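Trainee: Got a structure for you, written out below as structure tokens; questions coming shortly.
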Amino acid sequence: KAGVTQTPRYLIKTRGQQVTLSCSPISGHRSVSWYQQTPGQGLQFLFEYFSETQRNKGNFPGRFSGRQFSNSRSEMNVSTLELGDSALYLCASSLGLAVNYEQYFGPGTRLTVT
Amino acid sequence: DAKTTQPNSMESNEEEPVHLPCNHSTISGTDYIHWYRQLPSQGPEYVIHGLTSNVNNRMASLAIAEDRKSSTLILHRATLRDAAVYYCILSDSNYQLIWGAGTKLIIKP
């Protein structure tokens, strides 16, 4: 069974631009969660989607948004990029909501904002 | 919000058991206790999770205190590949998993 895939793996953007990251979950998994990881803040939860609905949202500004498609694939969008958005963005999939099921993580997308 | 407290780092010798503690005194009755680990330059990896009784799988064991205010992740025979940051995680009132700073486990050969 293929694992969680994330594209692109690396990305360099300029302040003010927007970016879209993509996540393909494991086949059969209906929940996708997104996390931001930085050396200073550690792993921080962004949001979780289940059956195309956002079920939970972390404490991030509205510039961070996401969506999930009917095939469970998910995208995350960050608008008006700031230098502080430079981070590793991780996607994880699970059979159901992450509080009840084990999550499988992708390799992440390394975003650098200059 | 349910929070966890873990030591910043721990050291253990290779091929010996490792006991990683976690305190979660504000845990609610329905909170699962999750453990993940993150190896260097990799995404986190699920280790184990449980609710009340002790749990075992091929990777580790989870011992949960009777009052559920603490738990211990047990690696029965540590190898160098077990060197990682281990996260003990609970959910908050919104059913979100709250990740702390974790414990950096150092394995000495």
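Sequences listed follow chains A and B, in order. Residues in the first sequence are numbered from 1 upward in steps of one, following the numbering used here. Residues in the second sequence are numbered from 115 upward in steps of one, following the numbering used here. Positions of the beta carbon are idealized from the N, C-alpha and C atoms, including for glycine. All of these numbers come straight from a predicted model, not from anything done at the bench.
Comparing C-alpha positions only, which one of B/Ser-155, B/Leu-134, B/Ser-123 and B/Tyr-201 sits nearest to B/Arg-191?
Mentor: As a working note, residue 191 of chain B is residue 77 in the second sequence. When only C-alpha atoms are compared, the closest one is B/Leu-134.
Trainee: Taking Cβ-Cβ distances shorter than 9 Å, what residues in chain B pair up with A/Ala-87?
Mentor: On the first sequence, position 87 is the one that residue 87 of chain A refers to. Going along chain B, no residue has its Cβ under 9 Å from A/Ala-87, so there is no contact; the nearest lies around 13 Å.
Trainee: Flag B/Pro-121 as yes if its beta-carbon sits less than 7 Å from any beta-carbon of chain A, otherwise no.
Mentor: Within the second sequence, residue 121 of chain B is the residue found at index 7, counting from 1. No, B/Pro-121 lies away from the interface with chain A (no Cβ there is under 7 Å from its Cβ).
Trainee: Taking 7 Å as the threshold (C-beta atoms), are A/Leu-90 and A/Leu-11 in contact?
Mentor: Residue mapping note: residue 11 of chain A aligns to position 11 of the first sequence, counting from 1. Residue mapping note: residue 90 of chain A aligns to position 90 of the first sequence, counting from 1. Going by C-beta atoms, A/Leu-11 is not nearer than 7 Å to A/Leu-90.
Trainee: Taking 8 Å as the cut-off, does the stretch 123–142 of chain B touch the stretch 173–193 of chain B (at least 3 CB pairs, one atom from each stretch)?
Mentor: Judged by Cβ distances under 8 Å, the stretch 173–193 of chain B makes contact with the stretch 123–142 of chain B, as three or more pairs qualify.
Trainee: Interface residues of chain B around A/Pro-107 at Cβ under 7 Å?
Mentor: By one-based count along the first sequence, residue 107 of chain A stands at place 107. Going along chain B in sequence order, the residues near A/Pro-107 (Cβ under 7 Å) are Gly-157.
Trainee: Ordered along the chain, which non-local residues of its own chain (more than five positions away) have a Cβ less than 6 Å from that of A/Arg-116?
Mentor: Chain A is shown from 1 up to 114; residue 116 of chain A falls before or after that span and cannot be answered.
Trainee: Can you check whether the CB of A/Phe-50 is closer than 7 Å to the CB of A/Leu-95?
Mentor: Locating residue 95 of chain A in the first sequence gives position 95, counting from the first residue. Locating residue 50 of chain A in the first sequence gives position 50, counting from the first residue. Contact: no.
Trainee: Assuming B/Lys-222 contacts B/Glu-125 (C-beta within less than 8 Å), just tell me the rounded distance between them.
Mentor: For this step, residue 222 of chain B is matched to residue 108 along the second sequence. For this step, residue 125 of chain B is matched to residue 11 along the second sequence. Right, their Cβ atoms sit about 6 Å apart.
Trainee: Please classify B/Leu-187: does DSSP put it in a helix, a strand, or coil?
Mentor: In the second sequence, counting from the first residue as 1, residue 187 of chain B sits at position 73. The answer is strand: DSSP assigns B/Leu-187 an E or B state.
Trainee: On the DSSP bridge list, what partners appear for B/Asn-170?
Mentor: Sequence index remark: in the second sequence, residue 170 of chain B carries index 56 (1-based). According to DSSP, B/Asn-170 bridges with B/Ser-175.
Trainee: Whose C-alpha, out of A/Thr-20, A/Thr-5, A/Arg-9 and A/Gly-3, is nearest the C-alpha of A/Leu-81?
Mentor: Against the first sequence, residue 81 of chain A aligns to sequence position 81. Ranking the options by Cα distance to A/Leu-81, first place goes to A/Thr-20.
Trainee: Since A/Phe-69 and A/Leu-46 should fall inside the 8 Å C-beta cutoff, what is the C-beta to C-beta distance between them, to a whole number of angstroms?
Mentor: Numbered from 1 along the first sequence, position 69 holds the residue referred to as residue 69 of chain A. Numbered from 1 along the first sequence, position 46 holds the residue referred to as residue 46 of chain A. Contact flag wrong, Cβ pair sits at about 17 Å.
Trainee: If the cut-off is 9 Å on Cβ atoms, which residues from the stretch 58–72 of chain A count as contacting chain B, listed in chain order?
Mentor: Correct list: Gly-58.
Trainee: Kindly list the residues whose CB is nearer than 6 Å to the CB of B/Val-132, restricted to its own chain and excluding five residues on each side of it in sequence; keep chain order.
Mentor: Sequence index remark: in the second sequence, residue 132 of chain B carries index 18 (1-based). Contacts found: Ser-126, Leu-189 and Ala-192.
Trainee: Are there 16 or more other CB atoms within 10 angstroms of the CB of B/Arg-151, so buried, or fewer, so exposed?
Mentor: For the purposes of this step, residue 151 of chain B is identified with residue 37 of the second sequence, where counting begins at 1. By the neighbour-count rule (16 or more Cβ atoms within 10 Å), B/Arg-151 is buried.
Trainee: With distances taken from CA atoms, which of A/Ala-2, A/Pro-8, A/Val-78 and A/Ala-92 is nearest A/Thr-14?
Mentor: Within the first sequence, numbered from 1, the residue matching residue 14 of chain A stands at position 14. A/Thr-14 has its Cα closest to that of A/Val-78, out of A/Ala-2, A/Pro-8, A/Val-78 and A/Ala-92.
Trainee: Just mark A/Gln-36 as buried or exposed, buried being the case when its beta carbon has 16 or more other beta carbons within 10 Å.
Mentor: In the first sequence, counting from the first residue as 1, residue 36 of chain A sits at position 36. A/Gln-36 should be labelled buried.
Trainee: Residues of the stretch 194–212 of chain B with a CB closer than 7 Å to any CB of chain A: list them in chain order, please.
Mentor: Residues Ser-205, Asn-208, Tyr-209, Gln-210 and Leu-211.
Trainee: Reducing DSSP to helix, strand and coil, say where A/Gly-84 ends up.
Mentor: Mapped onto the first sequence, residue 84 of chain A falls at position 84. Helix, per DSSP.
Trainee: Taking only beta-carbon positions, decide if A/Phe-50 is within less than 7 Å of chain B.
Mentor: Counting from one through the first sequence, the residue named residue 50 of chain A turns up at place 50. For A/Phe-50, the answer is no, since every Cβ of chain B falls outside 7 Å of its Cβ.
Trainee: Return no unless some Cβ of chain B is closer than 7 Å to the Cβ of A/Val-99.
Mentor: Sequence index remark: in the first sequence, residue 99 of chain A carries index 99 (1-based). Closer than 7 Å to some Cβ of chain B, the Cβ of A/Val-99 qualifies, so yes.
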